[in-house]
């Protein structure tokens, strides 16, 4: 089993190093759950329960493991005055891996490595919004140990800790009066949080899940580098320097209700409330002023208002057992976007999201394979110009994403 755990960790680290998650909050914790729009708060009956609702681990016998990844391919366009720019085609790969073990008749241990936050947006150099964003990438990886306890035959509780590695990279143009300078900002940090969960299953027909994940503060430290023009060098502007900034990732509450009208069919509805109001600004403090002596205010601190709002995510899903070996799944998600038109920018060019999901699962006595496909689309959205942040009157349009996932499971 130690060998399996070691291979699991190796796989996740390799996957994380090769690409990053798309979007800011991610919910691709397992192919089975993803194929049902993430409706696993009530079900919580496979190893991905560690991420969805760890109290559900008390339904799992013995030792079980799951490993997998998702491939996210976003597309879209930004229309600015006199120009329409396509977002660069890329793909991002959030991984997941879990191990659960029944310790006693009433106690379970679960370990998870997965991605909860990620972002990837890239534009061609020379596009009209390049002074706001050329390329933004956010990576994260959470290690999440959980302990679940079976209070009664129908009620289970779980508590967990979370250690999250967070990495931020951005490239954009700065110093327009000096001829345009390509700036790169890169840094990372570790943050700590926790979670609690409840699972109530009075019968095989009904199950209820409640979850809470805490907010996590990340104090990011790194470097800022600049490809300076001769004019910038002559004035001593935009020297490479250190950089730091704080971001508080939001806490969230989730509730899910599962109903099984037939032994082969299960239905579930979830609601998740995320407190994105923790993200009120993006402020970077540099080791030295970027334009010392210039009449441009405090260029040692760069701040951009975000003022995001708290939002809901609603999801419904179904699973039908075609046979003892094959399960068919589908789902739908409506996901509110937290930024408003007045504070939107080109780092997260989206609007409210609609997602249709489907998938299939194959299971044997010990092995299981789950595969899912999701199609995500955004409504067109107008944003308001903010010259101070180099945001133009713009329209996000034709936004859509293809998402595929695969998970492999094994019962010892």
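In my numbering, the protein residues as written are -10 to 401. Even glycine gets a Cβ: it sits at the ideal position worked out from N, Cα and C.
Between which residues of its own chain and residue 280 is the CB-CB distance below 6 Å, once the five residues before and five after are set aside? Looking up residue 280 in the chain shown gives position 291. Closer than 6 Å at the Cβ level, and outside the excluded window around residue 280, lie 226, 288.
Please list, in chain order, all residues of the same chain as residue 73 whose beta carbon is under 6 Å from its beta carbon, the five residues on each side excluded. Taking the first residue of the chain shown as 1, we reach residue 73 at position 84. For residue 73, where only same-chain residues beyond five positions count, the Cβ hits under 6 Å are 66.
Just mark residue 188 as buried or exposed, buried being the case when its beta carbon has 16 or more other beta carbons within 10 Å. Numbered from 1 along the chain shown, position 199 holds the residue referred to as residue 188. Counting Cβ neighbours within 10 Å, residue 188 comes out buried, since at least 16 surround it.
Outcome for residue 368 when other beta-carbon atoms lying within 10 angstroms are tallied against a minimum of 16: On the chain shown, position 379 is the one that residue 368 refers to. By the neighbour-count criterion, in which 16 or more other beta carbons inside 10 Å mark a residue as buried, residue 368 falls on the exposed side.
Alpha carbons only, please: which of 380, 118, 192, 184 is nearest the one belonging to residue 142? On the chain shown, position 153 is the one that residue 142 refers to. Minimum Cα distance to residue 142 is reached at 192.
Cβ contact (3+ pairs, closer than 8 Å) linking the segment 358 to 374 and the segment 292 to 308: no
Are residue 232 and residue 170 close, meaning C-beta to C-beta below 7 Å? Residue numbering aside, residue 232 sits at position 243 when the chain shown is read from its first letter. Residue numbering aside, residue 170 sits at position 181 when the chain shown is read from its first letter. No, they are not a contact pair.
For residue 52 versus residue 401, is the C-beta distance shorter than 7 Å? One-based indexing of the chain shown puts residue 52 at position 63. One-based indexing of the chain shown puts residue 401 at position 412. Yes. Within cutoff.
Per DSSP, residue 199 forms a beta bridge with which residues? Mapped onto the chain shown, residue 199 falls at position 210. Its beta-bridge partners are 187, 244.
Roughly how far, in whole angstroms, is the beta-carbon of residue 184 from the beta-carbon of residue 158, given that I think they are within contact range, below 8 Å? Residue mapping note: residue 184 aligns to position 195 of the chain shown, counting from 1. Residue mapping note: residue 158 aligns to position 169 of the chain shown, counting from 1. 27 Å between Cβ atoms; not a contact.
I need the DSSP call for residue 226, collapsed to helix, strand or coil. Locating residue 226 in the chain shown gives position 237, counting from the first residue. Looking at residue 226 - three-state DSSP - the assignment turns out to be coil, as it is neither helix nor strand.
Go ahead and label residue 56 buried or exposed: buried means 16 or more other beta carbons lie within 10 angstroms of its beta carbon, across all protein chains shown. Your numbering for residue 56 matches position 67 in the chain shown. Classification for residue 56: buried.
At what residues does the alpha helix (DSSP H) containing residue 22 begin and finish? Here residue 22 corresponds to residue number 33 of the chain shown, with the count starting at 1. Start and end: 20 to 24.
Is the CB-CB distance between residue 245 and residue 49 below 7 Å? Locating residue 245 in the chain shown gives position 256, where the first residue counts as 1. Locating residue 49 in the chain shown gives position 60, where the first residue counts as 1. No, Cβ-Cβ distance for residue 245 and residue 49 is not below 7 Å.
For the segment 373 to 382 against the segment 19 to 30, are there 3 or more C-beta pairs whose distance is under 8 Å? no
Beta-carbon separation of residue 338 and residue 265 under 7 Å? The residue labelled residue 338 in the question sits at position 349 within the chain shown. The residue labelled residue 265 in the question sits at position 276 within the chain shown. The answer is no: Cβ separation not under 7 Å.
Tell me whether residue 329 is buried or exposed, calling it buried when 16 or more other Cβ atoms sit within 10 Å of its Cβ. For the purposes of this step, residue 329 is taken as residue 340 along the chain shown, with counting starting at 1. With fewer than 16 Cβ atoms within 10 Å of its Cβ, residue 329 is classed as exposed.
Decide if residue 364 is buried, meaning its Cβ has at least 16 other Cβ atoms within 10 Å, or exposed. Start at 1 with the first residue of the chain shown, and residue 364 comes out as number 375. Exposed, by the Cβ-count rule.
Residue 148 in three-state terms, based on DSSP: As a position in the chain shown, residue 148 is number 159, starting the count at 1. Note: residue 148 maps to strand in three-state DSSP.
Endpoints, the beta strand (DSSP E) within which residue 262 is located: Start at 1 with the first residue of the chain shown, and residue 262 comes out as number 273. 254 to 263 is the span of the beta strand (DSSP E), which, as asked, contains residue 262.
So for residue 124, helix, strand or coil by DSSP? Taking the chain shown and counting its residues from 1, the one referred to as residue 124 is at position 135. Three-state DSSP puts residue 124 in a strand.
Tell me whether residue 179 is buried or exposed, calling it buried when 16 or more other Cβ atoms sit within 10 Å of its Cβ. The count along the chain shown starts at 1 and reaches residue 179 at position 190. Exposed, because fewer than 16 other Cβ atoms sit within 10 Å of the Cβ of residue 179.
Excluding the 5 residues flanking residue 11 on each side, which residues of the same chain have their C-beta closer than 6 Å to its C-beta? The count along the chain shown starts at 1 and reaches residue 11 at position 22. Legend: pLDDT at residue 11 = 32, less than 50; position of this residue unreliable, no value from coordinates given.
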